[in-house]
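4 protein chains.
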Amino acid sequence: MPDPQAIADAVRDAMWPRDRASQALGMAVSAIGPGTATLTMTVRADMLNGHGSCHGGLITALADSCFAFACNAANELTVASGFSVDIVAPAFEGDRLTAIGRERHRSNRTGVYDVEVSNQHGRRIALFRGQSYAMKGRAVVEGLPLPAAPARRTGAA
Amino acid sequence: MPDPQAIADAVRDAMWPRDRASQALGMAVSAIGPGTATLTMTVRADMLNGHGSCHGGLITALADSCFAFACNAANELTVASGFSVDIVAPAFEGDRLTAIGRERHRSNRTGVYDVEVSNQHGRRIALFRGQSYAMKGRAVVEGLPLPAAPARRTGAA
Amino acid sequence: MPDPQAIADAVRDAMWPRDRASQALGMAVSAIGPGTATLTMTVRADMLNGHGSCHGGLITALADSCFAFACNAANELTVASGFSVDIVAPAFEGDRLTAIGRERHRSNRTGVYDVEVSNQHGRRIALFRGQSYAMKGRAVVEGLPLPAAPARRTGAA
Amino acid sequence: MPDPQAIADAVRDAMWPRDRASQALGMAVSAIGPGTATLTMTVRADMLNGHGSCHGGLITALADSCFAFACNAANELTVASGFSVDIVAPAFEGDRLTAIGRERHRSNRTGVYDVEVSNQHGRRIALFRGQSYAMKGRAVVEGLPLPAAPARRTGAA
Numbered sequence: 000m001p002d003p004q005a006i007a008d009a010v011r012d013a014m015w016p017r018d019r020a021s022q023a024l025g026m027a028v029s030a031i032g033p034g035t036a037t038l039t040m041t042v043r044a045d046m047l048n049g050h051g052s053c054h055g056g057l058i059t060a061l062a063d064s065c066f067a068f069a070c071n072a073a074n075e076l077t078v079a080s081g082f083s084v085d086i087v088a089p090a091f092e093g094d095r096l097t098a099i100g101r102e103r104h105r106s107n108r109t110g111v112y113d114v115e116v117s118n119q120h121g122r123r124i125a126l127f128r129g130q131s132y133a134m135k136g137r138a139v140v141e142g143l144p145l146p147a148a149p150a151r152r153t154g155a156a
Numbered sequence: 000m001p002d003p004q005a006i007a008d009a010v011r012d013a014m015w016p017r018d019r020a021s022q023a024l025g026m027a028v029s030a031i032g033p034g035t036a037t038l039t040m041t042v043r044a045d046m047l048n049g050h051g052s053c054h055g056g057l058i059t060a061l062a063d064s065c066f067a068f069a070c071n072a073a074n075e076l077t078v079a080s081g082f083s084v085d086i087v088a089p090a091f092e093g094d095r096l097t098a099i100g101r102e103r104h105r106s107n108r109t110g111v112y113d114v115e116v117s118n119q120h121g122r123r124i125a126l127f128r129g130q131s132y133a134m135k136g137r138a139v140v141e142g143l144p145l146p147a148a149p150a151r152r153t154g155a156a
Numbered sequence: 000m001p002d003p004q005a006i007a008d009a010v011r012d013a014m015w016p017r018d019r020a021s022q023a024l025g026m027a028v029s030a031i032g033p034g035t036a037t038l039t040m041t042v043r044a045d046m047l048n049g050h051g052s053c054h055g056g057l058i059t060a061l062a063d064s065c066f067a068f069a070c071n072a073a074n075e076l077t078v079a080s081g082f083s084v085d086i087v088a089p090a091f092e093g094d095r096l097t098a099i100g101r102e103r104h105r106s107n108r109t110g111v112y113d114v115e116v117s118n119q120h121g122r123r124i125a126l127f128r129g130q131s132y133a134m135k136g137r138a139v140v141e142g143l144p145l146p147a148a149p150a151r152r153t154g155a156a
Numbered sequence: 000m001p002d003p004q005a006i007a008d009a010v011r012d013a014m015w016p017r018d019r020a021s022q023a024l025g026m027a028v029s030a031i032g033p034g035t036a037t038l039t040m041t042v043r044a045d046m047l048n049g050h051g052s053c054h055g056g057l058i059t060a061l062a063d064s065c066f067a068f069a070c071n072a073a074n075e076l077t078v079a080s081g082f083s084v085d086i087v088a089p090a091f092e093g094d095r096l097t098a099i100g101r102e103r104h105r106s107n108r109t110g111v112y113d114v115e116v117s118n119q120h121g122r123r124i125a126l127f128r129g130q131s132y133a134m135k136g137r138a139v140v141e142g143l144p145l146p147a148a149p150a151r152r153t154g155a156a
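Rendered as structure tokens:
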């Protein structure tokens, strides 16, 4: 039976070729593991907003892709139901952004993931927190095992 | 002295040519007014994620652009400090998305804006709520009046 | 078969006596209906924070109670999975706060609700947006019908 | 000149006696330091909602108090402008909750703080992320130094 890292690698290999948006934005997946992922993106001229800095939606797109790889890494098909973003510094043309995401919580269907986006100087650009929703029983990669079910919520929150 | 609609039109005319990100994503500003804006975007093949639906970050980019036009429409240079997004339905290739934004609150430096994104069938796709931060005294369009200062916060919240 | 308003009334009658927190905070449910609720609370001296204004968590508690009545009003047991709050003005001792909540979206298990909190002068104090999670098939009031299932999500978002 | 820990202690000593809400909810400040605070609260019967678990607003109140001590610890009067909360597990009567908060970002006027709430078994109950707004030049404790100004935002985000 494959170990979690091998499953994460297989998920990345299956998701990446289909993820045309992340490709078109010039992203790369530099690392993936159980509940975690690291993606990079360089700010292009066509990513600048009317203030001359990187469009906040595109910073978010990088964080959201990182979130997607992290929350699907266990091979259970999982989507974003929402997220919140704090933009704490601007990014400019040519900046190389790195997004590091990690799982903070996962229950039966829902999860919470944090992603931090920094520039090439290590300056923090954005803090992203995403909420995930799992399609129970549906695999990202058919033939590979699904994660064991976590403990169910035993009470109302 | 220009009326608020004329100022909003001038802000749009100044911001749009500089907003390469929104242009590259195929957006259009179909309406602007004091504290409000409407933008459209058609989902292209290069906007799809690994699940075959529109990348959440690009839905957010549409909403964020709408937010930017709405919160700058009074000619005070204003940036997004953060936002939260609920993705409530998927969007697919060819869908024509419309984002409608409006001001919900504005105090001295900070504001709150709601943006709803719907598809061509009127189905709601995403609910976005943005927090803005004004660069006091800096105009989007030099030579046009800045907004009068709103009432200051008179107490700590 | 009871109409939606009668079901909402029955839900309120069942939830309120058990909701000791809302009672202890002096709240009252002034209206409830399908997907909507209105609650009030007067700011007491023991609700003030170190800045002399109403504690943000207690403004949130009012909004969260309003959210709970609104999202349970269809008789399907529903809990808050999360929320975001913008505090836009302070509230002070003696202020009478009113929270008005309404459903913005509801799918199979998840929903989005907006709650606005205002004071007795109609000044907006807080904007709250909540995410709900339904315990499918579990009623708030046994013996009353559950809502019909909404359309399933047909794709990944 | 006082060191940052001595300033944080003095801020706690000044804020706590005035913070009637946190006192009324039975909280205690078990630690404070530069940009960080730890608070505790035991869930009482009058904190339970209609589902028999701790009211989400009161879990938020604990996190918000923790946030307030952390973001004021440098002696610059600072308020919450907003926050988002993910409730990931329920808390029940008698549970002893601990909130640990820490600064994630601070610029000229705005900051971002994360607070985690856990129960006595170390189970995570809630993830809170708060946005702060500083009243520049106003001290929490008069006579003690204010923090040096951080670097200004040098561009629009």
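One line per chain: the protein sequences are A, B, C and D, in this order.
Take the first sequence: its letters are residues 0 to 156, numbered as in numbering that gives the first Met the number 0.
Take the second sequence: its letters are residues 0 to 156, numbered as in numbering that gives the first Met the number 0.
Take the third sequence: its letters are residues 0 to 156, numbered as in numbering that gives the first Met the number 0.
Take the fourth sequence: its letters are residues 0 to 156, numbered as in numbering that gives the first Met the number 0.
Glycine included, each C-beta is placed from N, C-alpha and C at the ideal position.
Using C-beta distances below 8 Å, list every residue in its chain close to residue i, excluding the 5 sequence neighbours before and after it, in chain order.
i            : result
residue 41/C : 25, 93, 94, 95, 96
residue 1/A  : 9, 143, 144
residue 32/C : 3, 4, 7, 72
residue 54/C : 46, 47, 48
residue 20/A : 60, 64
Decide if residue i is buried, meaning its Cβ has at least 16 other Cβ atoms within 10 Å, or exposed.
i             : result
residue 154/A : Residue placement at residue 154/A is poorly supported in this model, since its pLDDT is 38, which falls under 50; the coordinates still yield a value, given next. Residue 154/A should be labelled exposed.
residue 30/A  : exposed
residue 141/B : exposed
residue 136/B : exposed
residue 4/D   : exposed
residue 121/B : exposed
residue 18/B  : buried
Only counting the same chain, and skipping five residues up and downstream in sequence, which positions put a Cβ closer than 6 Å to that of residue i?
i            : result
residue 62/C : 98, 114, 116, 127
residue 89/A : 52
residue 36/A : 65, 68, 69, 100
residue 85/C : 126
residue 39/C : 27, 29, 97
Could you name the residues of chain A that residue i contacts, counting a contact when the two beta carbons are closer than 8 Å?
i             : result
residue 109/C : 80, 132
residue 57/B  : 20, 56, 60
Note down, in chain order, each residue of its chain lying with its Cβ closer than 7 Å to the Cβ of residue i, except the 5 sequence neighbours on either side.
i             : result
residue 44/C  : 92
residue 13/C  : 139, 140
residue 109/B : 130, 131, 132
residue 11/D  : 28, 31, 68
residue 103/C : 111, 112, 113
residue 119/A : 94, 95
residue 123/A : 87, 88, 115, 117
What distance in whole Å lies between the Cβ atoms of residue j and residue i, which are believed to be in contact at a cut-off of 8 Å?
i             : j            : result
residue 133/C : residue 77/C : 5 Å
residue 67/B  : residue 48/A : 7 Å
residue 146/C : residue 74/C : 7 Å
residue 111/A : residue 87/D : 6 Å
residue 56/A  : residue 83/B : Rounded, the Cβ-Cβ distance is 13 Å, inconsistent with contact.
Against residue i, what residues of chain B qualify as contacts under a CB-to-CB distance less than 7 Å, listed in chain order?
i             : result
residue 25/A  : Under the 7 Å cutoff, chain B gives no residues; its nearest Cβ is about 11 Å from residue 25/A.
residue 101/C : In chain order: nothing, as chain B lies at least about 12 Å away.
Name, please, each residue of chain D whose Cβ falls closer than 7 Å to the Cβ of residue i.
i            : result
residue 19/C : 44, 45, 47
Taking C-beta pairs closer than 9 Å, name the residues in chain D that residue i reaches, listed in chain order.
i             : result
residue 104/A : 85, 87, 88, 123, 126
Contact set between the region 32 to 54 of chain C and chain D, restricted to residues whose Cβ is under 9 Å from the partner: Close to chain D, meaning a Cβ-Cβ distance shorter than 9 Å, are the following residues of the region 32 to 54 of chain C: 43, 44, 45, 46, 47, 48, 49, 50, 51, 52, 53, 54.
Tell me which residues of the region 61 to 92 of chain A have at least one Cβ-Cβ distance to chain C shorter than 8 Å, keeping chain order. Those residues of the region 61 to 92 of chain A that come within reach of chain C (Cβ to Cβ, closer than 8 Å) are 76, 78, 79, 80, 81, 83.
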